[in-house]
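Trainee: These protein sequence lines map, in sequence, to chains A and B.
Going letter by letter, the first sequence gives residues 8 to 224 in the working numbering.
Going letter by letter, the second sequence gives residues 4 to 200 in the working numbering.
The beta-carbon is built from N, C-alpha and C at its ideal position, and this holds for glycine as well.
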Amino acid sequence: MNKLFRAGMRIRWVAWIFGFVLVGLLCDATISLAHRVIVFAWVDGDTVYVECKYSGGRKVRNGQIIVLDTKGRTLLQGKTDDRGQFAFNAPEKQDLKIVLNAGMGHRAEWLVEGEEFLDQGVTERSAIPKAKSKNGSIITKVSSESTQEVHAIPGPNALEIQKLVEQSLNKKLAPILKILAENEDRGASMTDVIGGIGYIFGLIGVAAYFSSRRKRT
Amino acid sequence: MHISDGVLRPSVYIGGYFASLGVMAVCVSKMKSEELPKLAVVTSAFFVASLIHLPLGPTSVHLLIIGLVGTLLGVAAFPAVALGLTLQSLLFGYGGITALGANAITMGIPALIAGWLYRRLKGESMKRNIAVGAFVGGLGTALAGVVLALFLMTSGEDFFGVAKVALAVHVPVLVIEAMVTAFTVSFLMKVKPDLIA
């Protein structure tokens, strides 16, 4: 009995020391973790917005973001803020690979396609010749007025309209993009859980069947 | 504790696969076929426990119940963990497919150690077994953090840095798992003591 008591005391001591060490470690831990991280990025003009979170829905704070080009060269690096967000000006308007490294072996990737930039670039560029051709037709009609003035007014206007439309579209689309970002987290559903349990019982059932057959023979 | 795809070097994750297959073969050869129903139940519990998130402090972690799996299954703990992890990876997206072998080692070996220690330290009295259960229940998760740090060291991360953080953020998990294991041991000792013999 005495021996048992002493053994019990020893275990209790080990547990206490263990506990103290761990609480001490907790005090200077800053990085959080879970089991799956999700990174989502979208383009607004020249800026790329990145949002990072864990599968539980918590934001990735202080997660390392690496932006790579298609050849795997590192273009820039950064860290996410308290809301798990990070934004940067695209250094090149091409495919960008955004890698999130949240520590503890948690890593996720997102590809920003070059087209997302090009759409905006092309329309802006194509807007200029269109405006000019419009000017041309206007100029031929209003020949009495100074051509320079006419040329000056509708040209920038068309561009401005284009820009305003894009701006308001961006503004309107921002919440939708946010919702998309939120929904990127395809958490485990009830079907997954029940399916998984079914697999476990099924596979072990098969194992039991074969082991019982081996025993009989 | 689940390592994602693209984190480990190919040589490391392929090595992880071979190592876990080797351990698996040894464990399966030592298993008894009467243990299979218990294996199914405990594997299911391990599979589902990963969905229980603990929103404590600044972190989001989930239960692992490695120590409990080891305590209940002993040598069969490794196949249980490997099967559970495979399904977690396929269905929940926790951990990468390539890193599956490494993940099985990360969590399976601590489960085996916890199971071995429980069988080594347990006694006849209820109190002692509950204390041992709590100890190995917490130890499983703590050891997994250390093995994880070893794996990540191969991709250039600092061993002590990773180990420290992995242990620190899992303190709530550790405490809860110690309690869960202690409770399970005390319950089974009363109801069906031969299950944890």
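Closer than 8 angstroms between beta carbons: that is the criterion. Which residues of the segment 39 to 55 of chain B meet it against chain A?
Mentor: Going along the segment 39 to 55 of chain B in chain order, one finds 39, 40, 42, 43, 46, 47, 50, 51, 53, 54 with a Cβ nearer than 8 angstroms to chain A.
Trainee: Any idea which residues DSSP pairs residue 59(A) with across the strands?
Mentor: 46(A)
Trainee: Using only the alpha-carbon positions, how far apart do residue 165(A) and residue 175(A) sit?
Mentor: 15 angstroms
Trainee: Quick one: residues in its chain with C-beta nearer than 6 angstroms to the C-beta of residue 5(A), no 5 flanking neighbours on either side, listed in chain order?
Mentor: For residue 5(A) there is no data in the structure shown, the boundaries of chain A being 8 and 224.
Trainee: Tell me which residues of the segment 93 to 104 of chain B have at least one Cβ-Cβ distance to chain A shorter than 9 angstroms, keeping chain order.
Mentor: Here the close residues are 93, 94, 95, 96, 97, 98, 99, 102.
Trainee: Between the Cα of residue 3(A) and the Cα atoms of 132(B), 42(B), 165(B), 98(B), which residue gives the shortest distance?
Mentor: Nothing can be reported for residue 3(A): it is not among the residues displayed for chain A, which extend from 8 to 224.
Trainee: Compute the distance between the beta-carbons of residue 81(B) and residue 203(A), then report whether it is under 7 angstroms.
Mentor: no
Trainee: Helix or strand or just coil, what does DSSP make of residue 103(A)?
Mentor: strand
Trainee: For residue 151(A), which of helix, strand or coil comes out of DSSP?
Mentor: Per-residue confidence for residue 151(A) stands at a pLDDT of 47, beneath the threshold of 50, marking its modelled position as unreliable; the derived number appears in the next sentence. Three-state DSSP puts residue 151(A) in coil, outside helix and strand.
Trainee: Considering residue 11(B), what are the terminal residues of the beta strand (DSSP E) in which it resides?
Mentor: No beta strand (DSSP E) contains residue 11(B), which DSSP labels as neither H nor E.
Trainee: Only counting the same chain, and skipping five residues up and downstream in sequence, which positions put a Cβ closer than 6 angstroms to that of residue 19(B)?
Mentor: 104, 105, 108
Trainee: Quick check: what's the CA-CA separation for residue 210(A) versus residue 177(B)?
Mentor: 30 angstroms
Trainee: Find the residues of chain B that neighbour residue 215(A), judging by a C-beta separation of less than 7 angstroms, and give them in chain order.
Mentor: 36, 39
Trainee: List the residues of chain B whose Cβ lies closer than 8 angstroms to the Cβ of residue 115(A), in chain order.
Mentor: Within 8 angstroms Cβ-Cβ: 7.
Trainee: Thinking C-beta only, is residue 139(B) closer than 7 angstroms to residue 153(B)?
Mentor: no
Trainee: Residue 80(A) to residue 90(A), Cα distance in whole Å?
Mentor: 27 angstroms
Trainee: Taking 8 angstroms as the threshold, find out whether the segment 180 to 189 of chain B comes into contact with the segment 129 to 147 of chain B through three or more Cβ pairs.
Mentor: yes
Trainee: Determine, using beta carbons only, whether residue 184(B) comes closer than 7 angstroms to chain A.
Mentor: no
Trainee: Can you tell me whether residue 163(B) is buried or exposed? The criterion is at least 16 other CB atoms within 10 Å of its CB, across all chains shown.
Mentor: exposed
Trainee: Just checking: is the beta-carbon of residue 218(A) within a distance shorter than 7 angstroms of some beta-carbon in chain B?
Mentor: yes
Trainee: Would you tell me roughly how many angstroms separate the C-alpha atoms of residue 141(A) and residue 167(A), rounded to the nearest one?
Mentor: Model confidence at residue 141(A) stands at a pLDDT of 45, short of 50, so the residue's coordinates are unreliable and nothing is read from them.
Trainee: Identify which residue in 189(B), 86(B), 145(B) has its Cα closest to the Cα of residue 169(B).
Mentor: When the alpha-carbon of residue 169(B) is set against those of 189(B), 86(B), 145(B), the nearest one is in 145(B).
Trainee: Just checking: is the beta-carbon of residue 120(B) within a distance shorter than 7 angstroms of some beta-carbon in chain A?
Mentor: no
Trainee: Tell me, to the nearest whole angstrom, how far the beta carbon of residue 43(A) is from that of residue 96(B); I am working on the premise that it is less than 8 angstroms.
Mentor: Contact between residue 43(A) and residue 96(B) is confirmed by a C-beta separation of about 5 angstroms, below the 8 angstroms threshold.
Trainee: Short of 8 angstroms in beta carbon distance, which residues of its chain neighbour residue 83(B), apart from the five on each side in sequence? Order them along the chain.
Mentor: 42, 45, 46, 49, 72, 76, 114
Trainee: Mind listing the chain B neighbours of residue 43(A)? Cutoff is C-beta to C-beta under 9 angstroms, in chain order.
Mentor: 5, 7, 95, 96, 97, 98
Trainee: Kindly indicate if chain A contains any beta-carbon less than 7 angstroms away from that of residue 10(B).
Mentor: Yes, residue 10(B) lies at the interface with chain A (some Cβ there is under 7 angstroms from its Cβ).
Trainee: Measure from the C-beta of residue 155(B) to each C-beta in chain D and report whether the shortest distance is under 7 angstroms.
Mentor: The question asks about chain D, but that chain is absent: this structure's protein chains are A and B.
Trainee: Quick one: what does DSSP say residue 53(A) is sitting in, helix, strand or coil?
Mentor: coil
Trainee: 7 angstroms is my cut-off, CB to CB: does residue 90(B) come that close to chain A?
Mentor: yes
Trainee: Hey, does residue 70(A) have any beta-carbon neighbour from chain B nearer than 7 angstroms?
Mentor: no
Trainee: CA-CA distance, residue 3(B) and residue 187(B)?
Mentor: This structure leaves residue 3(B) out entirely; chain B is present only between 4 and 200.
Trainee: So which residues on chain B does residue 86(A) lean against when the C-beta distance must stay under 9 angstroms?
Mentor: Within 9 angstroms Cβ-Cβ: nothing; residue 86(A) doesn't reach chain B, min ~15 angstroms.
Trainee: Near residue 99(A), what residues of its chain come up, given a Cβ to Cβ distance below 6 angstroms and the 5 sequence neighbours on each side ignored?
Mentor: none
Trainee: How about residue 73(A): is its C-beta nearer than 7 angstroms to some C-beta of chain B?
Mentor: Against chain B, the CB of residue 73(A) has no partner CB under 7 angstroms away; the residue lies outside that interface.
Trainee: One question on the structure: do residue 4(B) and residue 185(B) come within less than 7 angstroms of each other, judged by their Cβ atoms?
Mentor: no
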